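So for the sequence shown, the UniProt record's numbering puts the first residue at 1; every next one is plus one. For every residue, glycine included, the Cβ atom is placed at its ideal position computed from N, Cα and C. Just so it is clear, the structure is predicted and the values come from calculations on it, not from any experiment. The block underneath contains the structure these notes are about, expressed in structure tokens.
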Amino acid sequence: MATRFCCRREQAARFVSWGEAQVPARCLGADQDFKLKMVMLSRLRVILQASPCRALWRRFQIPRSMSARPCSLYTCTYKTRNRDLHPLWESADLVPAGERQSPINIRWRDSVYDPGLKPLTISYDPTTCLHVWNNGYSFLVEFEDSTDKSVIEGGPLEHNYRLKQFHFHWGAIDAWGSEHTVDSKCYPAELHLVHWNAVKFENFEDAAQEENGLAVIGVFLKLGKHHKEVQKLVDTLPSIKHKDTLVEFGSFDPSCLMPTCPDYWTYSGSLTTPPLSESVTWIIKKQPIEVAHDQLEQFRTLLFTSKGETEKRMVDNFRPLQPLMNRTVRSSFHHDYVLNMQAKPKPSTSQVTS
Ligand SMILES: [Zn+2]
């Protein structure tokens, strides 16, 4: 909590310097035209603040030079956060008015065990795998989704959801990279398997904009043993180093990227890239999978940029944490924390006095 406060204080300080139109006195003296603009800006602010149009006022407050990644991930990114604005975020509303944005920090103790949550059933057909491509923000493995060949069901979901694609988010170094965090712990990377509700919607694009349209499985990656199946992906990366490059990818079953433990958290949230639609039922697996450091290093050889452009390494492609607001994170499992407390035997009188 303390780190979050620190971040907000810094953000607030940056806002005040713009929104309150505070500029050094020497600037005002040197440039009367600039001073006039600042006065007009200040008056406009007062009008907007007094009007019922609070949403407009909030937009007025957005400092346009603000990084897409303010330091709301203080523990992860404060020291070396990327201040460059990725083109993906340039036209985005960086302060969404929504109340169910993602990613979030999952507080283990605040999540609520829901015995009604069924096990998640995953059924992927490896032949539906199409290709892997660099979209300029991550690398995506896409699937044929015109029929119900690769679907998930159960868990918190009312319908079958078809697999559309999977991709990863990762950091510049192993100390951070995941979008979600657990008790403020960052993982070096996070896998997202994106599915859409083909019962309620005609296509992925429509589903992505509506409530209950998408279901995304999130899997944390932690450092450990070399992952044989991840290596199949890593082997394709030299072919898609630049933005908008694509290579065919043969038969692949992404269930091999799932942890063995069935436990998960679930909550209602949003896309973590523009348009940030609040259409996602998130299913975050509790157990991470292991990958080797050199495999993550291969992720970092990709580029955000196209051929011929100044090269920018594809790293830190995650969105900062968003406030939980009025949401509950449900778990499919009893809290280990509580169980551990209960399992601890109380010392008997004889043990205390011996
Ligand atoms: Zn993602």
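A direct Cα-to-Cα measurement between Glu290 and Ser184 gives close to 19 Å. Excluding the 5 residues flanking it on each side, Asp263 has same chain C-beta neighbours closer than 8 Å at Lys285, Lys286, Gln287, Ser331, Ser332 and Phe333, in chain order.
Among the bridge pairs identified by DSSP, Phe252 is matched with none. The residues Lys241, His242, Lys243, Glu311, Lys312, Arg313 and Met314, in chain order, have a CB closer than 7 Å to that of Leu303 in the same chain once the five nearest residues on each side in sequence are set aside. Taking 7 Å as the cut-off, one finds no heavy atom of ligand 1 near enough to the beta carbon of Thr181. Contact annotation: Leu214 and Ser279 have beta-carbon atoms nearer than 8 Å. Taking a C-beta distance under 8 Å as the contact criterion, Pro115 and Thr266 do not qualify as a contact pair. Take the alpha-carbon of Leu276 and the one of Glu248: they are about 29 Å apart. Contact between the region 189-204 and the region 148-168 is present, with at least three C-beta pairs closer than 8 Å.
Here the alpha carbons of Ser146 and Ala292 stand approximately 35 Å from one another.
In the structure shown, Val151 adopts extended strand secondary structure according to DSSP, grouped into three states.
Around the C-beta of Asp235, fewer than 16 other C-beta atoms lie within 10 Å, and the residue is accordingly described as exposed.
In this structure, Trp170 keeps its C-beta atom at 8 Å or more from the C-beta atom of Leu257. The alpha carbon of Ala198 has as its nearest neighbour, out of Glu309, Glu153 and Arg319, the alpha carbon of Glu153. Rounded to the nearest whole angstrom, the CA to CA distance from Asn105 to Thr128 is 33 Å.
Bounds of the beta strand (DSSP E) holding Ala215 are Leu214 to Leu223. Secondary structure within the region 236-321: the alpha helix (DSSP H) runs of 4 or more consecutive residues, fully enclosed, are 293-299 (chain order). For the pair Pro259 and Val230, the CB atoms are not nearer than the 8 Å cut-off.
In terms of Cβ geometry, Asn317 and Tyr137 form a close pair [threshold 8 Å]. Within the DSSP bridge table, the entry for Leu163 names His195 as partners. Counting along the chain, Leu140 sits inside the beta strand (DSSP E) bounded by residues Phe139 to Phe143. Scanning its chain for C-beta atoms nearer than 6 Å, with the 5 sequence neighbours on each side dropped, one finds around Ser123 the residues Val151, in chain order. In this structure, DSSP gives Ala207 a helical state, which the three-state scheme calls helix. When only Cα atoms are considered, Val141 and Leu223 end up about 22 Å apart. By the CB criterion at 8 Å, Leu233 and Val132 fall inside the cutoff. Around the beta carbon of Pro320, 16 or more other beta carbons lie within 10 angstroms, which makes this residue buried. For Val329, the secondary structure class from DSSP, reduced to helix, strand or coil, is coil. For ligand 1, residues qualifying as neighbours are His167, His169, His192 and Thr272, where qualification means a beta carbon closer than 6 Å to at least one of its heavy atoms (chain order). His226 sits exposed, since fewer than 16 C-beta atoms from the chains shown fall within 10 Å of its C-beta. Separation of Lys228 and Ser306 (C-alpha to C-alpha, rounded to the nearest whole angstrom) is 29 Å. For Trp89, the secondary structure class from DSSP, reduced to helix, strand or coil, is helix.
In the structure shown, the three-state DSSP call for Leu233 is helix.
Sixteen is the threshold: when 16 or more other Cβ atoms of the shown chains lie within 10 Å of the Cβ of Ser178, as they do, the residue is buried. Within the model, the alpha-carbon separation for Ser251 versus Val112 is close to 38 Å.
Judged by DSSP secondary structure, Thr121 falls within the beta strand (DSSP E) whose first and last residues are Leu120 to Ser123.
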